[in-house]
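Written out below as structure tokens is the structure these notes cover.
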Amino acid sequence: MPKEARITEMATKKSKLTKRTIWGTIKHIPRRILQYFRIKFNAALNSKIMLKQYVPVLIHKSDIAAIEENLKRRLKDAPATQPAWTTQEQQIIKRIKYQTKHANRNNVTRTLAYYEVYRQFPELHWAFLAHMVSRNGGWSMTDLKGDLIPRLMSSQQVEYLFLFLERANSFIFYDAYPQLLLYIESKKQQKNMFHLLPQFHVSIWMRVIWDHEWNHPNSSLLTAALIVNEQHYIEQRVVQDSSSKKYVIDELYFKAQALLQLNQVVFPSKDHVVGLILEDFTDLHERIEFGKQLYCILFGFPMILSETTSFATRVKHSGSRADYWPHLYQKHRNSASSPTYSEKLKGCQILEGAEPFYSPELLHAWKDRLVDTPQIYDWCTDLSPLDYLHRLQPPRSFDMTEEHCYGLNKIELAVLTKKKL
């Protein structure tokens, strides 16, 4: 046989051997791992297609420079003495405090309050982002009383985790909602009313931002600044709080939050569920970048914004996941809950003859809880938060349609596995 022919034959045999070796290896990889990579690949592919429609949300360097100068000056100056408020200003302060307390009763009232602000003032992008994130917060809260998670956690763990979620969301509302109401008041009065912000213990960071926004409107800048503010606001008050760390954050069940889907934020749209997974809730930097990327997803894609807004307008928030996936979830059980659990999910479909997952409305799952008043101090002590305003970009992958289903399958698998132990 000629030398060239022998080389060709050897190459062919080597190729076949390589293919058999690879296939033999692949066959031994667990099916669920292969499924995971398939889902990740499809999500990246779908996201790449959607990214072609991205319209950049921009923050101008000149705005950041102006804010830096004002913030530097305000940090250097001694705190101003409280002026004597006029009768009208006292009434505004009293009314905003009442409205904030009234709307901060639970997740449902907070979520509605955010939406009403955005509906009236669509330039306040953060209000709609907060509305959608608050919907996700409500879904996480009712998951704790649904079909699956109570079978993985003790009743005490469920209680601690609910209080942690409620406290974080309540604190953010306590700080941010008066700011939104003061903006509305400023529009009504047709003059800057942000000199009243100290009455609500708002950080000097947001006082500088709102003053700049009033004179140089930029929805993207304001949204990014509010994201930076809200995450700094809860960092020491909630995330690093000793009781939070002892009863929630340092516990194994919280570290397994990826399994429990409590770190997902999704936006339902017509054909897709888009969103992100927060890998480490305890990382301040990651939470801020997570919020900024969610903003880019929501407001950087006109189709996503249109479909998500349509959903929010059409579907009243109840806290039940049946709000957006009624084929998988139901708000009421058709039969009594069984102490034993039987598999009911295949892919993203309920098995024939099985009931959808129970996902109660929030007001049926949890009573209103009074949370403590946040500690009063200013988190902003230097110029470092300005670094977060320099970059607004969407993530490379944000299609969560299959991954959201996969997460639900993982939870069910954990329940079935625990049942066998």
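Residue numbers for the sequence shown follow the working numbering, so the first one is 1 and each next one is one higher.
Each residue gets a CB set at the ideal place from its N, CA and C atoms; glycine is no exception.
Keep in mind it's a predicted model, so treat the numbers as computed, not measured.
One thing to note: Ile249 has its Cβ no nearer than 7 Å to the Cβ of Ala225. C-alpha of His201 to C-alpha of Gln120: approximately 25 Å in a straight line. Close CB contacts of Val55 within its chain, under the 8 Å cut and outside five residues either way in sequence, are with Gly300, Phe301, Pro302 (chain order). Annotation: the continuous beta strand (DSSP E) that includes Gln264 extends over 264-268.
With a beta-carbon spacing of about 6 Å, Asn229 and Trp205 fall inside the 8 Å limit used to define contacts. If you draw a straight line from the Cα of Lys48 to the Cα of Arg396, it is about 7 Å long. Val273 sits in a strand when the DSSP states are folded into three classes. Inter-residue distance for His404 and Phe398 is about 11 Å (C-alpha atoms, whole angstroms).
Partner residues in a beta bridge of Lys292, as assigned by DSSP, do not exist. For Ala224, the uninterrupted alpha helix (DSSP H) segment begins and ends at 219-234. With contact defined as three or more Cβ pairs closer than 8 Å, the region 347-362 and the region 324-334 are in contact.
The beta carbon of Thr109 sits closer than 6 Å to the beta carbons of Ala103 from its chain, once the five residues preceding and following it are set aside; these are given in chain order. The Cβ atoms of Ile67 and His212 sit closer than 7 Å to each other. Where His327 is concerned, there is no enclosing alpha helix (DSSP H), because DSSP gives it neither an H nor an E.
With contacts defined by Cβ atoms closer than 7 Å, Phe171 and Arg105 do not form a contacting pair. Annotation for Asn169: the continuous alpha helix (DSSP H) segment containing it runs 155-189. Here Phe357 is bridged, per DSSP, to Tyr329. For Arg105, no alpha helix (DSSP H) encloses it, and the DSSP letter there is neither H nor E. With contact defined as three or more Cβ pairs closer than 8 Å, the region 125-139 and the region 290-298 are in contact.
A straight line joining the alpha-carbon of His216 with that of Leu58 spans about 14 Å.
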